[in-house]
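**Student:** Residue numbers (our numbering), protein chains in the order written: chain C, 419 to 668; chain E, 74 to 300.
Backbone N, C-alpha and C fix where the C-beta goes; we use that ideal spot for every residue, glycine too.
#1: According to the neighbour-count rule (16 or more other Cβ atoms, all chains shown, within 10 Å of its Cβ), is residue 532 of chain C buried or exposed?
#2: Could you tell me the boundaries of the alpha helix (DSSP H) in which residue 128 of chain E lies?
#3: Which residues does DSSP list as the beta-bridge partners of residue 465 of chain C?
#4: Given a cut-off of 8 angstroms, decide if residue 630 of chain C and residue 484 of chain C are closer than it, judged by their beta-carbon atoms.
#5: Does residue 247 of chain E get closer than 8 angstroms to chain C when you measure Cβ to Cβ?
#6: For residue 601 of chain C, I'd like the list of residues in its chain whose CB is within less than 6 angstroms of its CB, leaving aside the five on either flank, ordered along the chain.
#7: Could you list which residues in chain C have their beta carbon closer than 9 angstroms to that of residue 226 of chain E, in chain order?
#8: Less than 8 angstroms separating the beta-carbons of residue 159 of chain E and residue 295 of chain E?
#9: Hey, is residue 243 of chain E's beta-carbon within less than 8 angstroms of any beta-carbon in chain C?
#10: Only counting runs of 4 or more residues, tell me where the alpha helix (DSSP H) segments fall wholly within the segment 473-558 of chain C, in order along the chain.
#11: Taking C-alpha atoms, which residue in C:536, C:446 and C:433 lies nearest to residue 509 of chain C?
#12: Name, please, each residue of chain E whose Cβ falls closer than 7 angstroms to the Cβ of residue 562 of chain C.
#13: Beta-carbon within less than 7 angstroms of residue 123 of chain E's beta-carbon, same chain only, minus the 5 sequence neighbours each way: which residues are those?
#14: Less than 8 angstroms between the beta carbons of residue 91 of chain E and residue 184 of chain E, yes or no?
#15: Step through the CB atoms of chain E and report whether any lies within less than 8 angstroms of the CB of residue 567 of chain C.
#16: Report the start-end ranges of each beta strand (DSSP E) in the segment 249-284 of chain E that is 3 residues or longer and not cut off at the edges.
#17: Under DSSP, the alpha helix (DSSP H) around residue 567 of chain C begins and ends at which residues?
#18: Helix, strand or coil for residue 156 of chain E, going by three-state DSSP, please let me know.
#19: DSSP three-state label for residue 176 of chain E, please.
#20: Can you list, in chain order, the residues of its chain whose CB lies under 7 angstroms from that of residue 444 of chain C, leaving out five sequence neighbours each side?
#21: Just the C-alpha distance for residue 156 of chain E and residue 162 of chain E, rounded to the nearest angstrom, thanks.
#22: For the 8 angstroms Cβ check, are there 3 or more pairs between the segment 255-263 of chain E and the segment 139-146 of chain E?
#23: Residue 595 of chain C versus chain E: which residues are under 9 angstroms apart at the beta carbon?
#24: For residue 120 of chain E, which three-state DSSP category applies?
#25: Check the Cβ of residue 290 of chain E against every Cβ in chain C and list those closer than 8 angstroms, keeping chain order.
#26: How would you list, in chain order, the residues of chain C whose beta-carbon sits under 9 angstroms from the beta-carbon of residue 286 of chain E?
#27: Under a three-way DSSP split, which group does residue 652 of chain C fall into?
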């Protein structure tokens, strides 16, 4: 496995590999999201109690789920960066953190928009909202630390350590906040045995979650490509790539 | 190196920290004065009524304790970094984690313990009912080592930056939230006449976990910063 993985520690190889994945990821993300959101917003039946306003679930739940998933991904990248000193993993922290922060922000925003008609308030100091807000702060902290150093390598390593400290803390924060106060309903779809929704609702929800996964992967891929280019700007292969692009344009 | 020389190294490191603190007393006293000042501001801002002050007292004292720990945290490794002794610690044959734990301990003895001792006075000023005093002191006794350990992580990460202050609070405050929740919940439940042992045991568990894992993170962060 190592022999197969090793070339991708080099910026150039992973840049081209990601470049090959990107169109597929983008196209499938667009397709799946179009199906999922179209199905959810137009064809799924309205809720007997919440009417049509429950439909924001098709954005709210996927973004909330992925906001935590991307943090885990970032922590794994951080571990790889610290243990094996692979630079691509260091850069992927800078690629993942903003995407995760935006997902967290979307879940907070849609949650507020959903909370206003249902609970009668934009914001409540409820467990899930609070822990999501803290997750946003953690993302912002990692980003701030990454960009705080003039030497990029130091910044990336410091941000990796912080991401790992955060991953130890996230379960603690999550549960402590949960015991502290709760208004949010329990998990709807983690009970895989019997979801507490009819299939006409949860199938489009699963499609949306899958679409959000693909979209997140596509964004991270694109951001990582940019980060690789920015970091390796002094390398001949990047200069060749950029000059080649210029020649093609003319 | 054998165990005895590790011990003498740790003792020497802590003795040096105390000597530095003795020679620059204002560094240790100013955060305590800050705590007293902020506690004084609350009765002026929200009015001196017993019910309001007694109700918010546990939260106020804990938030002030968090802010005070941030206030002094930048200096935790700054001087050692600037005069090169941090580099010597990295080079020393003793494990860096052990030295990090020694730094955390002396930082707690110089900043956390005085805060615990000062807390009944703050409770008096904020008119906290007497039932909550013991629990408040116990939460601070269990919580301030966590504060010292976590600020050590943040300080080690930002020590090579000239201007760590605001960044440090952005990094650390989210991580302090579980501590705040359990500590204030413990004091609140003892104010209601209920046993607070559950929350206190949680805090003790966090303390053990933090003191076990934080030295590893501090050592890694110092290695990154010293480079």
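**Tutor:** If we stick to the structure as given:
#1: Start at 1 with the first residue of the first chain, and residue 532 of chain C comes out as number 114. The residue is buried, with at least 16 neighbouring Cβ atoms inside 10 Å.
#2: Within the second chain, the letter at position 55 stands for residue 128 of chain E. Judged by DSSP secondary structure, residue 128 of chain E falls within the alpha helix (DSSP H) whose first and last residues are 123-146.
#3: In the first chain, counting from the first residue as 1, residue 465 of chain C sits at position 47. Answer by DSSP bridge pairing, in chain order: C:469.
#4: On the first chain, position 66 is the one that residue 484 of chain C refers to. On the first chain, position 212 is the one that residue 630 of chain C refers to. In this structure, residue 630 of chain C lies closer than 8 angstroms to residue 484 of chain C by Cβ.
#5: Indexing the second chain from 1 puts residue 247 of chain E at position 174. Taking Cβ atoms only, chain C reaches closer than 8 angstroms to residue 247 of chain E, which makes this a yes.
#6: In the first chain, the residue the question calls residue 601 of chain C occupies position 183. Unreliable positioning characterises residue 601 of chain C in this predicted model, as indicated by a pLDDT of 47, which lies under 50. A coordinate reading is not provided.
#7: Numbered from its first residue, the second chain carries residue 226 of chain E at position 153. Using a Cβ-Cβ cut-off of 9 angstroms, residue 226 of chain E is close to 579, 580 and 583 of chain C, given in chain order.
#8: Taking the first residue of the second chain as position 1, residue 159 of chain E is located at position 86. Taking the first residue of the second chain as position 1, residue 295 of chain E is located at position 222. It is a contact, given that the beta carbons lie within the stated cut-off.
#9: Your numbering for residue 243 of chain E matches position 170 in the second chain. Chain C, which has a Cβ nearer than 8 angstroms to the Cβ of residue 243 of chain E, makes this yes.
#10: 475-502 and 505-537
#11: Taking the first residue of the first chain as 1, we reach residue 509 of chain C at position 91. Of the candidates C:536, C:446 and C:433, the one whose C-alpha sits nearest the C-alpha of residue 509 of chain C is C:433.
#12: The residue you call residue 562 of chain C lines up with position 144 of the first chain. Near residue 562 of chain C (Cβ distances below 7 angstroms), the residues of chain E are 240 and 243.
#13: Taking the second chain and counting its residues from 1, the one referred to as residue 123 of chain E is at position 50. These residues qualify, in order along the chain: 200.
#14: Along the second chain, one-based indexing puts residue 91 of chain E at 18. Along the second chain, one-based indexing puts residue 184 of chain E at 111. Going by C-beta atoms, residue 91 of chain E is not nearer than 8 angstroms to residue 184 of chain E.
#15: Looking up residue 567 of chain C in the first chain gives position 149. Using a Cβ-Cβ cut-off of 8 angstroms, residue 567 of chain C counts as an interface residue toward chain E, since at least one Cβ of chain E sits closer than that to its own.
#16: none
#17: Here the question's residue 567 of chain C lines up with position 149 in the first chain. Per DSSP, residue 567 of chain C belongs to no alpha helix (DSSP H) and is neither H nor E.
#18: Counted from its first residue, the second chain places residue 156 of chain E at position 83. Residue 156 of chain E: coil per DSSP, three-state reduction.
#19: Numbered from its first residue, the second chain carries residue 176 of chain E at position 103. Note: residue 176 of chain E maps to helix in three-state DSSP.
#20: Counting from 1 along the first chain, the entry for residue 444 of chain C is found at position 26. Taken in chain order, the residues that qualify are 636.
#21: Start at 1 with the first residue of the second chain, and residue 156 of chain E comes out as number 83. Start at 1 with the first residue of the second chain, and residue 162 of chain E comes out as number 89. Take the alpha-carbon of residue 156 of chain E and the one of residue 162 of chain E: they are about 12 angstroms apart.
#22: no
#23: Within the first chain, numbered from 1, the residue matching residue 595 of chain C stands at position 177. The answer, in chain order, is 250, 251 and 254.
#24: The residue given as residue 120 of chain E occupies position 47 in the second chain. If DSSP states are grouped into helix, strand and coil, residue 120 of chain E belongs with coil.
#25: Taking the first residue of the second chain as position 1, residue 290 of chain E is located at position 217. The answer, in chain order, is 579, 582 and 583.
#26: Counting from 1 along the second chain, the entry for residue 286 of chain E is found at position 213. Per Cβ cutoff of 9 angstroms: 583 and 586.
#27: To locate residue 652 of chain C, count along the first chain from 1; it is residue 234. In the structure shown, residue 652 of chain C sits in coil (DSSP, three-state: anything other than H, G, I, E or B).
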